[in-house]
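So the structure is just underneath, and the comments pick up after that.
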Amino acid sequence: MFARKKVHRLREETDRHDGVEKAAAERLTPGQANAVEKDSHLVAAALQADRRIVSLDDTVRGLLAALCDPCPGLDRLYWTNPCRDPETGPSCTAWLENGAPEAESLKLCR
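According to my numbering, the sequence shown holds residues 1393 to 1502 in order.
Right, dumping it as structure tokens:
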């Protein structure tokens, strides 16, 4: 993938990444904060790239949604569960092929 120039390296913005983890530690239970920390790389990547997250983990989605007030960057993210969200369909393929258009129902912070 690297040789074919399919991988684009992004500079890491740890401030936003750490802000989510810090807010989780302050506002959630230790178990919930651990779950957010485990998947915080998804937030970091989405904030640096296209603001889209595709994940089956609705639990972390809910936990991150609860952190929208202390973490202003989260309000720019769109999260879809390809198995549950009717907006993206069962495989997400058509949604992704169409450029993963923004939809109000997919906003992390509603």
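Every residue gets a Cβ at the ideal spot worked out from N, C-alpha and C, and that includes glycine. The model shown is predicted, which means the values in this text are computed figures rather than measured ones.
In angstroms with no decimal places, state the Cα-to-Cα distance between Ala1495 and Asp1449.
Spanning the alpha carbons of Ala1495 and Asp1449 requires a straight line of approximately 19 Å.
Quick one: what does DSSP say Thr1451 is sitting in, helix, strand or coil?
Looking at Thr1451 - three-state DSSP - the assignment turns out to be helix.
Which of helix, strand or coil does DSSP assign to Lys1472?
It should be noted that the sequence gives Thr, not Lys, for residue 1472. In the structure shown, Thr1472 sits in a strand (DSSP, three-state: E or B).
Does the distance from the C-beta atom of Leu1500 to that of Leu1466 stay below 7 Å?
Yes, Cβ-Cβ distance for Leu1500 and Leu1466 is below 7 Å.
Confirm, please, whether the CB-CB distance from Ala1417 to Cys1463 is below 7 Å.
Between Cys1463 and Ala1417, the C-beta gap is not smaller than 7 Å, which leaves the two residues out of contact.
Reference Ala1425, options Ala1437, Arg1443, Ala1457 and Ser1447, closest by Cα
When each option's Cα is compared against that of Ala1425, the closest is Ala1457.
What is the C-beta distance between Arg1502 and Leu1469, in whole angstroms, given that I count them as a contact (C-beta under 8 Å)?
So it is not a contact: roughly 11 Å between Cβ atoms.
Verify whether the separation of the beta carbon atoms of Pro1493 and Cys1484 is less than 7 Å.
In this structure, the beta-carbon distance from Pro1493 to Cys1484 does not fall below 7 Å.
Determine the closest residue to Arg1476 out of Gly1491, Leu1498 and Asp1461, with distance taken between C-alpha atoms.
The residue from Gly1491, Leu1498 and Asp1461 with its alpha-carbon nearest to that of Arg1476 is Leu1498.
Can you tell which of Ala1441, Trp1487, Val1452 and Ser1432 has its C-alpha closest to the C-alpha of Val1503?
The chain is shown only over 1393 to 1502; residue 1503 falls outside these bounds and no answer can be derived.
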